[in-house]
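Its first residue numbered 1, the sequence shown is counted upward by one per residue in the UniProt record's numbering.
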Amino acid sequence: MNFYKKIIIAIVTLSIVASISLTPRVFVATEYRNYKQVT
1 MNFYKKIIIA
11 IVTLSIVASI
21 SLTPRVFVAT
31 EYRNYKQVT
């Protein structure tokens, strides 16, 4: 039970870290695409 809890915490932590690190890239990509369409 404790082992599974540690795995779940690790997965949640990894997903949070991944989302935090990926969000700026996604935001920049969408902004860049919008900028290219305008010009």
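Yeah, the Cβ is synthetic: ideal placement off N, Cα and C, and Gly gets one too.
What you are looking at is a predicted structure, and each value in this text was computed from that prediction instead of being measured.
Pull up the distance between the alpha-carbon of residue i and that of residue j, whole angstroms please.
i, j, result
"V12", "P24", "19 Å"
"I20", "E31", "17 Å"
"K36", "S15", "31 Å"
"I7", "A29", "32 Å"
"F3", "V26", "34 Å"
"A18", "I9", "14 Å"
"N34", "M1", "48 Å"
"K5", "V38", "49 Å"
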